[in-house]
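Taking it in order: structure first as structure tokens, then the write-up.
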Amino acid sequence: MEREEMYDCIGIGIGPYNLSLAALMDEKTDLKVRFFDKTPEFQWHPGMLIDLTDLQVPFIADLVTFANPQSRYSYLNYLHTHNRLYKFFFFHKFEMPRQEYNDYASWVVKQLPHCQFHSEVTGVKDTGAYFEVEVRNGQTEEREVYKARHVVMGTGSKPLILDGMEGLPPEDVHHTSSYLFHKESTVESASITIIGSGQSAAEVFHDLLKEQPNHPYKLTWMTRSEGILQLESSKLGQEFFAPDYVDYFHGLSFEKRLEALKTLDQLRNGIDMDTLNNIYNILYHHSVSENAPDIVIQPLTEVQKIRQEDDHYVLECRQWQEERDFSYVSGKVILATGYVPNIPSWFDEALGDKIVWEDEKRFKVSRDYKLVFKDGEDRSHHFYTLTNLEHSHGAGATNLGLSVDRNIAIINDITGKEVYKTQRNTIFSQFSMDETD
Ligand SMILES: Cc1cc2nc3c(=O)[nH]c(=O)nc-3n(C[C@H](O)[C@H](O)[C@H](O)COP(=O)(O)OP(=O)(O)OC[C@H]3O[C@@H](n4cnc5c(N)ncnc54)[C@H](O)[C@@H]3O)c2cc1C
């Protein structure tokens, strides 16, 4: 069915990035908008909502505060509404629990009737004057086509499964993104191996360490990294996640941007200090007992392939420093192998030939998050993206702290006025020497 009305903006995906956009648009614009998500309801990485884990950014990076601290959609208003403000005050921490972030965002969703779930965007067509957005209703299988002047793609990320690890039974070998869905049966296994050494790997290892005394499995943690290392979190280091750095980064050539991403590895990869300390505390406490749980922590080791053999799995491994190959047996395997941008399958066919690419995988994105079309600058309808921005906007592309600044840019661009104030010169560092200095 084709809808007659013209929307000012349609959002694809309702994760935190587009949800922030929806909330900010709702509060201060008259734009006619609609946001679609294919899932039945808002859920923020449900397979990783592990008990007692916290958000890795301060609560100020909620859905709206950087644009409008007075917003009714702020985290503080959520606390106030739920009579939790005093508890948070005495909690005395900047990082809210991960489960609470999910609850807060769901509370915002419930107040935004233009957020529609069970609705997968299955295609976008550029008519030359506007976009036609095809939406499939997951409950009725009906398809509707919406017209929109602008589209914002906020489709997030998807699990990265490495070559040699695909196609195995998911109840035994699965990515961290579905960890909690399988946890009950995982802990019944005689041996569990976690592969990878980022934050997700550490959180799963920590969770399984806590469970180990009640389920006597052997727990192994393997990574090809040089060690189980901490994420750089110094305050001046964190300034690389400010909008001022994004300005600087976006101005570099494509090659320089790729180089810069490598130099910022310490800020992007590694494990939060509290998680590492909690892990070590448990390891130490458990080691006192004569019946200490069976633990293996093995860095410097690449798992190259996993194959099924009877009721267990054989991991083909290589200790790369010693150049030694070996096999390792495990009952269950959890892949903490990271994520890649989730670009919908229709994207290439719909837009691939029409837009400018920086290389075969990475499209060119303007400073204000628009895809760059080959047909020139004077378009009146735009396709914005909040997904796959690392190469164009830097290390903070997947950081919740920059989400609101991105949405300020999009709203001001769509409306042609400064609905929300753009904040610059906000940090102590500068990244370029002004010639007049
Ligand atoms: C486990 C985990 C923890 C994280 N913790 C933090 C943290 O503490 N701090 C931080 O700064 N960052 C964190 N991040 C990184 C980042 O902030 C999150 O990934 C964040 O969820 C990104 O938001 P998003 O809106 O881009 O995508 P997502 O949250 O992935 O949402 C995308 C949505 O798009 C929907 N979708 C996809 N395709 C379609 C389609 N065709 N039609 C309709 N809907 C579609 C999906 O169903 C999904 O709901 C974390 C990431 C992970 C994986």
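In short: position in the sequence shown from 1, add 2, done, that's the numbering used here. Ideal Cβ positions, reconstructed from N, Cα and C, are used throughout, including at glycine.
Quick one: is residue i buried, meaning 16 or more other Cβ sit within 10 Å of its Cβ, or exposed?
| i | result |
| --- | --- |
| Thr188 | buried |
| Leu26 | buried |
| Ala338 | buried |
| Arg426 | exposed |
| Lys376 | exposed |
| Glu205 | buried |
| Glu102 | buried |
| Lys40 | buried |
| His176 | buried |
| Leu54 | exposed |
| Thr83 | exposed |
| Asn279 | exposed |
| Asp64 | buried |
| His94 | exposed |
How many Å lie between residue i and residue j at the Cα?
| i | j | result |
| --- | --- | --- |
| Leu269 | Glu144 | 45 Å |
| Ser108 | Cys117 | 11 Å |
| Phe385 | Leu170 | 37 Å |
| Ser193 | Val316 | 12 Å |
| Trp223 | Ile299 | 5 Å |
| Leu81 | Arg309 | 48 Å |
| Phe349 | Asp355 | 10 Å |
| Asp28 | Leu233 | 36 Å |
| Val406 | His395 | 14 Å |
| Ala131 | Lys185 | 49 Å |
| Val110 | Phe44 | 10 Å |
| Glu7 | Ile230 | 54 Å |
| Tyr509 | Glu311 | For the chain, the structure presents residues 3 to 439; residue 509 sits outside this window and is missing. |
| Tyr88 | Gln141 | 41 Å |
| Ser121 | Asp174 | 30 Å |
| Tyr181 | Met3 | 39 Å |
| Phe90 | Thr67 | 17 Å |
| Ser236 | Val305 | 32 Å |
| Leu388 | Arg100 | 22 Å |
| Tyr77 | Pro218 | 40 Å |
| Pro42 | Gly253 | 40 Å |
| Asn409 | Ile284 | 41 Å |
| His314 | Gly340 | 24 Å |
Please identify the residue among the options whose C-alpha is closest to the C-alpha of residue i.
| i | options | result |
| --- | --- | --- |
| Asn390 | Gly169, Val298 and Val342 | Val342 |
| Phe256 | Tyr75, Glu420 and His393 | His393 |
| Ile62 | Gln300, Ala262, Pro71 and Asp56 | Pro71 |
| Arg86 | Ala69, Asp105 and Ser73 | Asp105 |
| Ile196 | Arg100, Leu78, Ile336 and Gly140 | Ile336 |
| Pro346 | Lys334, Arg5, Glu6 and Ile14 | Ile14 |
| Met275 | Glu261, Gly17, Arg364 and Asp56 | Asp56 |
| Thr265 | Phe38, Tyr286, Met435 and Phe242 | Phe242 |
| Asp209 | Lys160, Glu168 and Thr277 | Thr277 |
| Val1 | Tyr77, Leu54, Ala411 and Met435 | The requested residue 1 is not part of the displayed model; the chain covers only 3 to 439. |
| Tyr282 | Asn271, Ile297 and Glu292 | Ile297 |
| Gly158 | Tyr219, Ala399, Glu6 and Arg226 | Ala399 |
| Tyr247 | Ser434, Arg381, Leu164 and Ser235 | Ser434 |
| Asn216 | Ser227, Gly229 and Glu190 | Glu190 |
| Asn414 | Gly396, Arg369 and Ser431 | Arg369 |
| Tyr19 | Tyr250, Trp46 and Gln101 | Trp46 |
| Lys423 | Gly17, Leu373, Ala150 and Lys30 | Lys30 |
| Leu238 | Glu325, Thr428 and Lys334 | Thr428 |
| Asp128 | Tyr148, Val305 and Arg320 | Tyr148 |
| Asn344 | Cys11, Asp10, Arg5 and Gly17 | Gly17 |
| Glu360 | Asn79, Arg259, Pro245 and Thr83 | Arg259 |
| Val123 | Tyr219, Val331 and Arg36 | Arg36 |
| Gly200 | Leu78, Phe183 and Thr225 | Thr225 |
| Ala294 | Asn280, Leu211, Gln323 and Asp380 | Leu211 |
| Pro301 | Leu51, Arg320, Ile284 and Asp64 | Arg320 |
| Gly125 | Ala352, Asp436 and Ala150 | Ala352 |
Would DSSP call residue i helix, strand or coil?
| i | result |
| --- | --- |
| Ser193 | strand |
| Trp109 | helix |
| Glu362 | coil |
| Lys237 | helix |
| Ser159 | strand |
| Leu317 | strand |
| Asn344 | coil |
| Lys264 | helix |
| Val248 | helix |
| Val206 | helix |
| Val421 | coil |
| Ala101 | Just to set this straight, residue 101 is Gln in the shown sequence, not Ala. Residue state, collapsed to three classes: helix. |
| Thr31 | coil |
Taking 7 Å as the cut-off, is the beta-carbon of residue i closer than that to any non-hydrogen atom of ligand 2?
| i | result |
| --- | --- |
| Val206 | Of the ligands this structure carries, namely ligand 1, none is ligand 2. |
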